[in-house]
Every structure is written in C-alpha cells, then in structure tokens.
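Novice: Next up is a structure, given as structure tokens.
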Amino acid sequence: AQSVSQHNHHVILSEAASLELGCNYSYGGTVNLFWYVQYPGQHLQLLLKYFSGDPLVKGIKGFEAEFIKSKFSFNLRKPSVQWSDTAEYFCAVNSGYSTLTFGKGTMLLVSP
Amino acid sequence: EAGVAQSPRYKIIEKRQSVAFWCNPISGHATLYWYQQILGQGPKLLIQFQNNGVVDDSQLPKDRFSAERLKGVDSTLKIQPAKLEDSAVYLCASSKSTDTQYFGPGTRLTVL
C-alpha cells in the first residue's frame, strides 16, 4: 500500500519568508501527486497537481511544487508567504485507479 | 458551478446512537468518495462509488458503517451504532473520473 509522509506537522513563519513543505511517498510506479490546502473554516481545495510532463508545477496563489522521481518527493514551495497563507496543507498521491492517499498534513502559521 | 454540498455541518450524538450524513456531488461527476478525517490526520477513504456502484470499500467498517448512492447522484453515509472513536470530520468528494477530487465542507461528528 502506498503511503505519504509530510515532514513537518507545524511550521511558523513570518510574512515574506520563503516556504518549503516536504512530502515523500512510498509507491514506486507511475503516480499522480496533489497538494490540497484547507484555510481556517473552509473546505479542502486543490492547490496544484502533477500528472505528467514538466516536473515543476505551478499552482494558485504563487505556490509551486517540484516532482523529483528519484527522491520520491513532491515538495511545495512559495518564495514569499503572506498572512493569508495560514492554513493546513496536505500532500496526496494516487496511482492509476488506486485511491487517493493523504499525508497527515502540515499546519502553517504565518505571523504578520 | 456549484460545489459539493454536505449536510448537516455539525452533529453531536451519544455513543450507540445512529447518524446519517448526506452528500450532493458536483453535477456530472460520476465518482463520489466518502472520507473520514480524524483530528491531526489526513483524510482516509471510506468508500468510493462510480455512478451507483461501489469501487472500493476496503476501509469501511462494515459492521457499523453503510453507504449508498441511489440513482448515481446523491449519497448517504450511515453509522449505526456510533462509537466514541467515530468522532471525526466526514468529507464527501466528487470527480469526473479518477481526476481531481473536489471536496465538500464536511460534517463534524462528535460522539459523547
């Protein structure tokens, strides 16, 4: 069974700091990779996804993620965070018709 | 485009009682998912429907949980009888096929 590991459960940054959230997965075959975000009081929303092609994926609100197949990683990055980026971030993976497996999430708190 | 609708948003019951949750997916989405999200963890798939047929229910505790999707549109998830460990947010999601899943706001269940 595939698994997803998110390295940090809680991250605290000041506004304008750079962000990198780690995500590693266990499945060795072809995968689809996702980052979802949950803002306070809101439902899970898709931030970005990778199915194939360019391993550097750009998403909404200035976020990007890089798929490194050799490292089984799909880290999320943003060069300069804002207070409004305070949220919980989930990495998720599926392969073909397999179910979507989520990591435990990383709570990001951005202080103004 | 309307999103995934769920009701109720909150539910408090006592252990051994029964409870039901309702989900209306995005129009045209053939695949519907029910997830359980326990505090501090990522969503865990309970059951996946393709139209009105079950694709995957391997992680559904079938002794107490049941789900149906009549007519391939709306779905209900039932717990009977509830246990304390069922306290969680129950998320419904839908997708066109195995593509991106879109999540509803969830139902927060508290079992006392």
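Chains as they are written, first to last, in my numbering: chain D, 35 to 146; chain H, 15 to 126. C-beta: ideal position from N, C-alpha, C; glycine also. Since we're looking at a predicted model, the values are computed, not measured.
(1) So what does DSSP say about Leu126 of chain H, is it helix, strand or coil?
(2) Let me make sure I understand the geometry here. Which of D:Phe85, D:Ser114, D:Tyr73 has the alpha-carbon closest to that of Thr64 of chain D?
(3) Any idea what DSSP makes of Asp100 of chain H, helix, strand or coil?
(4) Cα separation between Gly96 of chain D and Lys112 of chain D?
(5) Which same chain residues, not among the five before or five after Leu105 of chain H, have their C-beta less than 7 Å away from its C-beta?
(6) From D:Ser114, D:Glu54, D:Gly93, pick the residue whose C-alpha is nearest to that of His41 of chain D; which is it?
(7) Whole angstroms are fine: how far does the CA of Phe136 of chain D sit from the CA of Cys57 of chain D?
(8) Since Asp70 of chain H meets chain D, which of its residues come closer than 7 Å, beta carbon to beta carbon?
(9) Can you grab the Cα-Cα spacing for the pair Asp70 of chain H / Ile61 of chain H, in whole Å?
(10) According to the Cβ coordinates, are Ala96 of chain H and Lys29 of chain H closer than 8 Å?
(11) Considering only residues of the stretch 72-125 of chain D, which uninterrupted beta strand (DSSP E) runs meet the minimum length of 3 residues and lie entirely inside it, listed in chain order?
(12) For Val144 of chain D versus Val115 of chain D, is the C-beta distance shorter than 8 Å?
(13) Which chain D residues are close to Gln62 of chain H, counting only those with a beta carbon under 8 Å from its beta carbon?
(14) Apply the 10 Å Cβ neighbour rule to Pro89 of chain D and answer buried if 16 or more other Cβ atoms are within range, or exposed otherwise.
(15) Between which two residues does the beta strand (DSSP E) harbouring Asp70 of chain H extend?
(16) Let me know if Trp76 of chain D comes out buried or exposed under the rule of 16 or more other beta-carbons within 10 Å of its beta-carbon.
(17) Keeping to the same chain, check which residues put their C-beta closer than 7 Å to that of Leu84 of chain H; ignore five residues upstream and five downstream.
(18) Does the beta carbon of Tyr104 of chain H fall short of 7 Å from some heavy atom of the ligand MN?
(19) Please report how far the alpha carbon of Asn128 of chain D lies from the alpha carbon of Leu134 of chain D, in whole angstroms.
Specialist: In terms of the structure at hand:
(1) coil
(2) D:Phe85
(3) helix
(4) 6 Å
(5) Tyr49, Gln51, Pro57, Phe117, Gly118, Gly120
(6) D:Glu54
(7) 10 Å
(8) Thr133
(9) 6 Å
(10) yes
(11) 79-84, 90-92, 98-102, 107-112
(12) yes
(13) Thr133
(14) exposed
(15) 67-70
(16) Contrary to the premise, residue 76 of chain D reads as Gln rather than Trp in this sequence. It counts as exposed.
(17) Asn66
(18) What this structure holds is no ligand at all, so the ligand MN is not there to describe.
(19) 5 Å
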